[in-house]
Structure formats: C-alpha cells, structure tokens
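Asker: Quick one: structure below, then a few questions.
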Amino acid sequence: MDQDYERRLLRQINVQNDNTSPMKVRDVICHLTPTPESPLSSPSKHGDRFIPSRAGANWSINFHRINENEKSPSQNKKTKDATSDTGKADGLAYSALLKNELLGAGIEKVLDPQTEDRRLQPSTPERRSLFSYSLSAKRSTPDDNSVSPYSLSPVSSKSQKLLRSPRKPTRKISKIPFKVLDAPELQDDFYLNLVDWSSLNVLSVGLGTCVYLWSACTSQVCISCSCKFRGSQYPVNTWTKLFVFSLLCPQVTRLCDLSVEGDSVTSVGWSERGNLVAVGTHKGFVQIWDATAGKKLFALEGHTARVGALAWNADQLSSGSRDRMILQRDIRTPPLQSERRLQGHRQEVCGLKWSTDHQLLASGGNDNKLLVWNHSSVLPMQQYTEHLAAVKAIAWSPHQHGLLASGGGTADRCIRFWNTLTAQPLQCIDTGSQVCNLAWSKHTNELVSTHGYSQNQILVWKYPSLTQVAKLTGHSYRVLYLAMSPDGEAIVTGAGDETLRFWNVFSKTRSTKESVSVLNLFTRIR
Numbered sequence: 449m450d451q452d453y454e455r456r457l458l459r460q461i462n463v464q465n466d467n468t469s470p471m472k473v474r475d476v477i478c479h480l481t482p483t484p485e486s487p488l489s490s491p492s493k494h495g496d497r498f499i500p501s502r503a504g505a506n507w508s509i510n511f512h513r514i515n516e517n518e519k520s521p522s523q524n525k526k527t528k529d530a531t532s533d534t535g536k537a538d539g540l541a542y543s544a545l546l547k548n549e550l551l552g553a554g555i556e557k558v559l560d561p562q563t564e565d566r567r568l569q570p571s572t573p574e575r576r577s578l579f580s581y582s583l584s585a586k587r588s589t590p591d592d593n594s595v596s597p598y599s600l601s602p603v604s605s606k607s608q609k610l611l612r613s614p615r616k617p618t619r620k621i622s623k624i625p626f627k628v629l630d631a632p633e634l635q636d637d638f639y640l641n642l643v644d645w646s647s648l649n650v651l652s653v654g655l656g657t658c659v660y661l662w663s664a665c666t667s668q669v670c671i672s673c674s675c676k677f678r679g680s681q682y683p684v685n686t687w688t689k690l691f692v693f694s695l696l697c698p699q700v701t702r703l704c705d706l707s708v709e710g711d712s713v714t715s716v717g718w719s720e721r722g723n724l725v726a727v728g729t730h731k732g733f734v735q736i737w738d739a740t741a742g743k744k745l746f747a748l749e750g751h752t753a754r755v756g757a758l759a760w761n762a763d764q765l766s767s768g769s770r771d772r773m774i775l776q777r778d779i780r781t782p783p784l785q786s787e788r789r790l791q792g793h794r795q796e797v798c799g800l801k802w803s804t805d806h807q808l809l810a811s812g813g814n815d816n817k818l819l820v821w822n823h824s825s826v827l828p829m830q831q832y833t834e835h836l837a838a839v840k841a842i843a844w845s846p847h848q849h850g851l852l853a854s855g856g857g858t859a860d861r862c863i864r865f866w867n868t869l870t871a872q873p874l875q876c877i878d879t880g881s882q883v884c885n886l887a888w889s890k891h892t893n894e895l896v897s898t899h900g901y902s903q904n905q906i907l908v909w910k911y912p913s914l915t916q917v918a919k920l921t922g923h924s925y926r927v928l929y930l931a932m933s934p935d936g937e938a939i940v941t942g943a944g945d946e947t948l949r950f951w952n953v954f955s956k957t958r959s960t961k962e963s964v965s966v967l968n969l970f971t972r973i974r
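Structure below.
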C-alpha cells in the first residue's frame with residue numbers, strides 16, 4: 449500500500465475512533481487493503497475520490513423531499529402527525545411553485561392533496577439521468593410566457609396563475625368520538641341489527657331482552673319494551689350503567705312487561721315518520737310499538753326463527769329471518785291479506801334495505817348472495833353471487849339512481865358496487881377486513897363502512913374514486929352496528945365491547961369558502 453494513502457487512512461480512523469466500536473487498526477488496514485485484482489491496487493493512478501452515480505435519480509419530482517429522507521422514521525411519523533391538512537396543501541403549492549421557477553414545469557393548478565400525493569409517487573420510477581440534453585417537442589407560444597412589463601411580481605405568469613387558483617378546503621374529520629355511551633348486554637352477533645336512529649332524532653338500542661330509547665336532544669332514556677328472559681326480569685337499575693351522559697337526568701320508565709318466556713331482541717327498526725318502532729325477537733315475532741304513547745300496537749307472526757333484519761317502506765314492513773324467508777306486510781291491513789313471502793335465500797337473511805325511490809328491495813344472506821326484488825314478483829329480479837362470504841352490509845345511493853353498494857364478511861372483505869338498472873357490476877375494493885355495515889352520506893357522494901375481523905375500524909370513502917377519506921378507530925371489538933343521524937352529519941357505531949360511539953364524519957353542505965393560504969400573495973395586503 450502506498451505510504452501517503454496509508455497515512456491518510458490512519459488519520460481518518462483516529463478521528464472516527466470515538467464514534468465507532470473499538471477495533472484493531474491493523475485489521476482495518478488489512479480489510480481495506482486492495483487486492484492485486486482490485487482496481488484500487490494503484491491509487492496513484494485512480495486516486496481515492498468517490499464519484500456517486502446519479503443515474504435513475506428523478507430530481508424533478510423528489511428534489512423537495514431530500515430533507516425528509518435525512519430524518520429518522522420516528523421523526524417523520526411525528527412530523528406527519530403534527531402537520532395539519534392545511535399545511536400539507538400549502539406544501540404542495542410551494543412544491544409546485546418551485547417546479548415552475550426552477551424547472552419550468554408550467555403548473556397552473558394544485559390538485560387535491562391525495563391525488564397530488566399519488567402523482568408525486570410513481571409506482572415504477574423512471575430510470576433517467578438528471579442531465580439529459582433533448583429538445584422539447586412542444587414550443588411555447590409568446591402568449592403563454594408573456595409577462596407584462598409593468599408587473600412587479602417576482603414569479604412567472606404560470607406561477608401567478610398557480611397562486612390565483614382557488615384552493616379547495618380540506619376535509620377535517622375528528623379521529624375521536626364526540627360522545628361515548630355504555631351499552632351493557634349489546635350482543636356481539638354479526639347477523640343482528642340492534643341499533644337504529646329515527647327521523648325524530650331518537651336512538652333505539654336492543655340490549656338483551658330490552659329495547660331502550662335515547663333522545664339525542666334531551667339525553668333522556670326510557671324503556672320501550674321488556675321481555676322476560678329465562679324466567680327472570682331484566683333489572684331496571686342496570687340502566688344507570690347504560691348511558692354515561694344520561695346520569696344527569698336518569699329518568700327511566702318501564703313502559704311494559706311482556707310475558708313471552710325465553711325471548712330476546714334480535715333487531716330494531718324505525719318507521720320513516722319516526723313514530724313507530726319494529727322489534728324483531730328471537731322466537732320469530734315482529735312487534736310494532738308506538739314510541740310516543742309507549743304501547744305495543746300488535747305482534748306479527750309468520751317466521752319460525754329469529755328475525756335479524758327489518759326494513760320499512762312507508763307503511764310496509766319487510767322482515768328477514770333465519771328461516772330463509774322474507775315477509776313483506778302492510779301494517780294498515782290484516783297480516784294475512786297483505787303478506788308477501790319472498791323466498792330466494794338458502795341460508796339466514798341478515799341484510800335488508802329499500803331503495804330511495806321505494807321501488808326495489810335488496811336482501812343479503814349468509815349464502816353469500818345479494819338479491820334484488822320488486823313489487824310485482826315473488827321471485828328476485830336480479831341475483832349477484834360474486835361475494836365470497838355473508839352479505840349483511842347493504843346501502844342504496846341517494847345520489848345516483850340504481851346504484852347499490854354491498855359488503856362481504858370475513859372471507860370476502862370487499863365492498864362491491866352494482867348498477868341495478870343494467871344488472872352490471874361496477875367497482876370492487878378490498879378493505880382488508882370484514883365488512884359489517886355501509887351507509888351513504890345524504891349530502892355528498894361519500895359512504896362510510898364499519899369493519900370487524902381483524903381491524904375493527906371505521907372507514908370513510910369518496911365515490912367513485914374510492915379513495916379513503918378518513919380512518920376511525922376506538923372500538924376493541926367488531927363494529928357490528930351503524931346508524932346515521934337524521935341530519936346526515938353524525939353516525940353512531942356499536943360493538944361487542946358494549947359501547948356506543950358517536951362520530952362527526954359528514955358535512956351538511958359543500959363548503960364553497962376559499963381556504964386562506966400564506967402562499968396566496970393576492971389576498972393579503974403587504
């Protein structure tokens with residue numbers, strides 16, 4: 449080894465000796481001594497300089513992320529969590545501004561942050577050199593780059609258009625619920641539907657052998673009905689544990705005591721007017737209750753097993769049961785005169801939903817089938833068999849006529865969209881976990897899904913791009929129950945962890961107010 453080269457190497461090792469683990473200098477020298485076959489065997493010819501290779505470095509996209517790569521993963525995570533959505537949008541605008549001024553990109557509009565992130569992160573990076581000499585095929589006209597001689601702006605015309613472009617306000621969805629209520633005896637059963645929210649802002653919850661009503665306006669609770677279960681009455685004083693926020697005015701009233709032995713609540717459903725609530729029981733009865741008067745109007749028979757799904761259509765009530773039957777009855781007439789029996793599933797019916805125009809009924813079953821019915825036939829008009837697990841989550845879009853969304857169980861984990869006007873599948877997305885419920889926003893083209901095994905999360909999706917707007921967590925068990933407030937702004941979720949959580953996920957109207965940005969030089973006086 450050359451003596452000058454060895455002297456420089458020893459000096460460098462002594463400087464770095466404090467920051468490295470102790471090791472023998474001779475071993476280092478022997479390890480770094482080039483072999484005769486090595487191109488470094490003659491340092492006088494090649495020298496000891498290291499020239500990095502810049503091949504494949506796409507600087508036009510990633511030059512503004514150099515500082516991010518120097519941070520540790522934990523620092524990057526903390527920075528990402530601490531940065532607000534507005535700061536993220538400002539960062540994208542600043543990145544586009546730098547590209548215009550330094551690289552001549554000609555960007556005139558900042559896209560949505562999620563779309564921009566996907567554009568800035570190509571799936572397959574291009575293998576191009578930074579220093580490429582080629583003539584552009586498109587020549588800019590004088591009008592494109594013309595700048596007024598009286599303009600005092602330090603940036604180009606493209607950047608001026610970029611700064612003048614309207615900024616879409618960023619959605620802010622709280623990741624924590626604004627209210628949490630205890631719900632003891634809330635069953636952890638995928639095939640039941642025990643939570644519903646009425647148009648009069650009253651929440652009904654089926655707990656064990658009781659159905660409770662909770663007014664979202666007054667936070668007061670009353671017992672709508674109570675069934676005797678195994679010969680013992682459900683204790684009324686346990687209601688003091690039910691809703692935490694009802695302790696301020698714990699007005700509990702037991703309205704009735706049913707004498708049916710060995711029965712329990714398996715489903716609840718409010719009528720569209722919000723004055724009647726239907727209660728499905730384990731023994732196959734469907735009871736109709738007047739919530740205002742607090743009395744039972746009548747009980748409907750016909751099912752031979754538990755009733756796990758209910759769906760109202762004006763004065764008509766559809767019920768799905770484990771006996772594989774769907775019974776559709778008009779509560780204004782005697783049951784036998786208006787009863788329609790819909791038979792198409794081979795296993796338990798666990799999902800029922802009427803379309804927004806009251807013309808079509810969608811049903812999902814444990815046989816992995818999604819069926820669509822109309823008023824004129826007792827046979828399904830459409831049948832979809834693409835799901836690989838039970839179909840409980842069903843939702844009709846209020847924004848697009850004939851658009852139906854459905855979700856599959858643990859073995860499927862997919863949300864599928866169907867055009868019932870043409871009987872054609874549209875889109876499909878794998879959520880990675882069991883889909884328990886689906887609900888469309890009443891004001892925007894978005895939907896929310898609740899999930900079970902194995903992530904127990906709540907997801908908000910934008911349709912038709914199917915981009916994930918928000919992910920909410922908090923339940924420790926499967927999020928089996930979902931209901932939406934009458935104003936379409938909040939949702940309530942229930943799980944086997946015996947809690948009800950209220951979330952603000954949707955906005956009532958689209959916001960048209962332009963967000964304020966520190967990069968917008970034309971909306972502030974300097």
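Residue 449 is where the sequence shown starts when you use the working numbering, and the numbers rise one by one after that.
Note that beta-carbon positions come from the ideal geometry of N, C-alpha and C, so glycine has one too.
1) I'd like the list of long-range same chain contacts for Q460, defined as Cβ closer than 7 angstroms, with 5 residues on each side in sequence excluded.
2) For L886, which option in G922, H823, R619, P846 has the closest C-alpha, if you only look at C-alpha atoms?
3) Confirm, please, whether the CB-CB distance from G750 to E787 is below 8 angstroms.
4) Mapping DSSP to helix, strand and coil, what is S596?
5) Since V839 and M829 should fall inside the 8 angstroms C-beta cutoff, what is the C-beta to C-beta distance between them, to a whole number of angstroms?
6) I believe Y929 touches L642 by the beta-carbon criterion, under 8 angstroms. Please report the beta-carbon distance rounded to the nearest angstrom.
7) With DSSP as the reference, identify every bridge partner of F954, one or two as the case may be.
8) Assign N462 to buried or exposed, taking buried as 16 or more other Cβ atoms, counted over all protein chains shown, within 10 Å of its Cβ.
9) Examine the Cβ distances between the region 896-916 and the region 658-666 and report whether three or more of them are shorter than 8 angstroms.
10) Grouping DSSP H, G and I as helix and E and B as strand, with all else coil, what is I736?
11) For the structure I just gave you, are there three or more beta carbon pairs, one from the region 710-719 and one from the region 729-737, closer than 8 angstroms?
12) Determine the burial state of P625: buried for a count of at least 16 other Cβ atoms within 10 Å of its Cβ, exposed for fewer.
13) With burial defined as no fewer than 16 other Cβ atoms inside 10 Å of the residue's Cβ, what is the status of C876: buried or exposed?
14) Extract the residue ranges of the alpha helix (DSSP H) inside the region 597-639, only unbroken runs of 4 or more that lie entirely within it.
15) Would you tell me roughly how many angstroms separate the C-alpha atoms of F977 and Q916, rounded to the nearest one?
16) Return the bridge partner residues of H899 from the DSSP annotation.
17) Measuring straight from C-alpha to C-alpha, what distance separates G552 and N649?
18) Going by Cα to Cα distance, which pick from W866, S607, V953 is closest to Q848?
19) Return the residue from the list A537, S607, S599, Y598 that minimises the CA-CA distance to N548.
20) Where do the ends of the beta strand (DSSP E) carrying S825 lie?
21) Compute the beta-carbon to beta-carbon distance between Q776 and Q785, rounded to the nearest angstrom, for a pair I have assumed lies under 8 angstroms.
22) Please report the distance separating the alpha-carbon of A757 from that of R794.
23) Is it true that the CB of V755 sits closer than 8 angstroms to the CB of S769?
24) Tell me which residues share the same chain as L836 and place their Cβ nearer than 7 angstroms to its Cβ, disregarding the 5 neighbours each side in the sequence.
25) How many Å lie between G554 and K956 at the Cα?
26) For R770, does the three-state DSSP call read helix, strand or coil?
27) How about W760 and G717: do their beta carbons lie closer than 8 angstroms?
28) Which word fits D450, buried or exposed, when buried means at least 16 other C-beta atoms lie within 10 angstroms of its C-beta?
29) Got a sec, what are the start and stop residues for the beta strand (DSSP E) K840 sits in?
30) Just to confirm my understanding: we take T868, look at its own chain, exclude 5 residues before and 5 after, and list those with CB closer than 7 angstroms. What are they?
Answerer: Looking at the coordinates:
1) Closer than 7 angstroms at Cβ, skipping near neighbours: no residue.
2) P846
3) yes
4) coil
5) Incorrect: roughly 17 angstroms between the Cβ atoms, too far for contact.
6) Contact flag correct, Cβ pair sits at about 6 angstroms.
7) Partner(s): none; F954 has no beta bridge.
8) exposed
9) no
10) strand
11) yes
12) With 16 or more Cβ atoms within 10 Å of its Cβ, P625 is classed as buried.
13) Counting the other Cβ atoms within 10 Å of the Cβ of C876 gives fewer than 16, which makes it exposed.
14) 605-612
15) The structure shown does not extend to residue 977, since the chain spans only 449 to 974, so no value can be given for it.
16) Partner(s): V883.
17) 56 angstroms
18) W866
19) S607
20) For S825, no beta strand (DSSP E) segment is defined, and its DSSP state is neither H nor E.
21) Q776 to Q785, Cβ: 13 angstroms. No contact.
22) 16 angstroms
23) yes
24) N816, G856, A859, D860
25) Rounded to whole angstroms, G554 and K956 show a C-alpha spacing of 36 angstroms.
26) coil
27) yes
28) exposed
29) 839-844
30) Once the five neighbours on either side are set aside, the close Cβ partners of T868 are L808, V820, Q830, G850, L852.
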